[in-house]
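Residue 69 is where the sequence shown starts when you use the numbering used here, and the numbers rise one by one after that.
Worksheet for the structure shown next.
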Amino acid sequence: MNRTELARIAQAMVTRGKGILAADESSGTIKKRFDAIRIESTEEHRRTYREMLFTTPGAAESINGVILYDETLRQKTRDGKPFPDYLTQQGIIPGIKVDMGAKPLAGFPGETITEGLDGLRGRLSEYRQLGARFAKWRAVIDIAPGIPTSFAVKANAHALARYAALCQENDIVPIVEPEVLMDGDHSIERCEEVTDSVLSTVFRQLHEHRIYLEGMVLKPNMVISGKKAANRAAPEMVAEATVRCLKRHVPPAVPGIAFLSGGQSPTEATLHLSLMNRMGSLPWALTFSYGRALQDTALKAWGGRSDGFGAGQREFAHRARLNGLATAGRYTPDMEKQAA
Ligand code: 13P
Numbered sequence: 069m070n071r072t073e074l075a076r077i078a079q080a081m082v083t084r085g086k087g088i089l090a091a092d093e094s095s096g097t098i099k100k101r102f103d104a105i106r107i108e109s110t111e112e113h114r115r116t117y118r119e120m121l122f123t124t125p126g127a128a129e130s131i132n133g134v135i136l137y138d139e140t141l142r143q144k145t146r147d148g149k150p151f152p153d154y155l156t157q158q159g160i161i162p163g164i165k166v167d168m169g170a171k172p173l174a175g176f177p178g179e180t181i182t183e184g185l186d187g188l189r190g191r192l193s194e195y196r197q198l199g200a201r202f203a204k205w206r207a208v209i210d211i212a213p214g215i216p217t218s219f220a221v222k223a224n225a226h227a228l229a230r231y232a233a234l235c236q237e238n239d240i241v242p243i244v245e246p247e248v249l250m251d252g253d254h255s256i257e258r259c260e261e262v263t264d265s266v267l268s269t270v271f272r273q274l275h276e277h278r279i280y281l282e283g284m285v286l287k288p289n290m291v292i293s294g295k296k297a298a299n300r301a302a303p304e305m306v307a308e309a310t311v312r313c314l315k316r317h318v319p320p321a322v323p324g325i326a327f328l329s330g331g332q333s334p335t336e337a338t339l340h341l342s343l344m345n346r347m348g349s350l351p352w353a354l355t356f357s358y359g360r361a362l363q364d365t366a367l368k369a370w371g372g373r374s375d376g377f378g379a380g381q382r383e384f385a386h387r388a389r390l391n392g393l394a395t396a397g398r399y400t401p402d403m404e405k406q407a408a
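In structure tokens:
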């Protein structure tokens, strides 16, 4: 393990003014996204769509990392340049999703365990040769009556820590992503209670697995009301509760926290991030690692049409720029009206 290298990459991933694009949808997930705009999920459509995002003019001004999926890491631009090489040339760090998805946890109805540890050491070493400098593993914690159980939280935290240790052994920065889902009608208080216990368990496991905290990035959910909750908490409350919860559990040795968007609308996700970054000095950088909140409008504008390529790029550039401003607390909702 090269600690200096790990810390350098982790710092670069959370540079102020920039964030990470999560474009690591598995084949199943991207098919769902394409179905919604009635495009067939062929390998070439998936390649073209990713090329549209990655070659967006000016993207590197607000994006400093992209999470790829196995297939995408091996694909090339139209001009024949492998995506990881293209991104690296733009000053964007390529990363790779390495988990194999959340599967039902036997004996615990309604709960999941993320798989993918078997053979991971070998895969990480190949991914590094292909250009990946960081990785992502997502644990999924659902809130519903009677769940999550402390057993499922612990099992997922243990797997996250084992993954993180293997990454660091291979000089790859782990993005540690314990996602508490915002599905359902739970209150923000319930989300805080669960997120609190998840982060506490995750950092305990990271410690026990001897993770080098300076060489990792945390990717958490925000503390937020369930999507179907009757009275959803205001943006200022989300920002406050999220920072309060993180301060209780995330050691200052961790260089940065890059949020997932988790089903928030693009504008909500940007506003929440900006409000948090206006809350005075914090011990870590707070940035974004959004999937849907960065891509939804671009995907629709593209619509799978070759004449939608430019419109898709303009939408993506617009959201990337606004989120970049949010990392410095400089986003305001009236900026949405300015032309994409
Ligand atoms: P969302 O921002 O769409 O939640 O995706 C981020 C991600 O990488 C989930 O693993």
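Beta carbons: idealized from backbone N, C-alpha and C, even for Gly.
Quantities reported herein were computed from a predicted structural model and do not represent experimental measurements.
Across the structure, residue 286 and residue 275 are spaced so that their CA atoms are roughly 14 Å apart. Residue 246 sits close to residue 270, with the two beta carbons spaced by under 8 Å. Annotation for residue 380: the continuous alpha helix (DSSP H) segment containing it runs 377-394. Straight-line measurement puts the Cα of residue 253 at about 10 Å from the Cα of residue 259.
Remark: the C-beta of residue 383 is outside contact range of the ligand 13P, defined as less than 7 Å to any heavy atom. With 16 or more other Cβ atoms from the protein chains shown falling within 10 Å of its own Cβ, residue 93 counts as buried. DSSP assignment within the region 172-226 yields the following whole alpha helix (DSSP H) runs of 4 residues or more, N-terminal first: 188-197. Secondary structure within the region 72-132: the beta strand (DSSP E) runs of 3 or more consecutive residues, fully enclosed, are 87-90 (chain order). The three-state reading of DSSP puts residue 355 in strand, counting E and B together. Fewer than three beta-carbon pairs drawn from the region 214-230 and the region 290-309 are found closer than 8 Å, and the two stretches are therefore not classed as touching. Burial of residue 165 is indicated by the presence of at least 16 other C-beta atoms within 10 angstroms of its C-beta. Of all alpha-carbon atoms in 117, 278, 395, 173, the one lying nearest the alpha-carbon of residue 350 is that of 395. A distance filter of 5 Å between CB atoms and the heavy atoms of the ligand 13P selects the following residues in sequence order: 90, 206, 328, 329, 330, 358, 359, 360. Distance from residue 204 to residue 105 at the Cβ level is roughly 25 Å; contact not present, criterion being Cβ atoms closer than 8 Å. Under the three-state reduction of DSSP, residue 320 is assigned to coil, being neither helix nor strand.
Per the DSSP secondary-structure output, residue 165 pairs in a beta bridge with 204. Sequence-distant Cβ neighbours of residue 250 in its own chain, meaning closer than 8 Å and more than five residues away, are 259, 289, 292, 293, 294, 295, 330, 331, 332. Following the DSSP letters along the chain, one finds residue 262 in no beta strand (DSSP E) but inside the alpha helix (DSSP H) bounded by residues 256-276.
Between the alpha carbons of residue 273 and residue 220 lies a distance of about 13 Å. Inter-residue distance for residue 392 and residue 334 is about 13 Å (C-alpha atoms, whole angstroms).
For residue 336 against residue 365, the beta-carbon gap comes to about 13 Å, at or over 8 Å, which does not count as contact. In this structure, residue 324 and residue 81 form a Cβ contact; the two beta carbons are roughly 7 Å apart against a cut-off of 8 Å. Boundaries of the alpha helix (DSSP H) harbouring residue 334: 334-344, taken from the DSSP string. Using a Cβ distance threshold of 8 Å, residue 102 and residue 95 do not count as a contacting pair.
Per DSSP, residue 288 lies in no alpha helix (DSSP H) and is assigned neither H nor E. Contact between residue 234 and residue 192 holds, since their C-beta atoms are separated by about 6 Å, short of 8 Å. Contact annotation: residue 107 and residue 372 have beta-carbon atoms nearer than 8 Å. For residue 152, the uninterrupted alpha helix (DSSP H) segment begins and ends at 151-157. Residue 399 and residue 118 have their C-alpha atoms some 26 Å from each other. By alpha-carbon distance to residue 181, the top candidate from 195, 216, 198 is 216.
Rounded to whole angstroms, the separation of the alpha carbons of residue 123 and residue 381 is 8 Å. Here residue 77 is near residue 201, since their CB atoms are less than 8 Å apart.
Ranked by Cα distance from residue 363, the first of 353, 386, 178 is 386.
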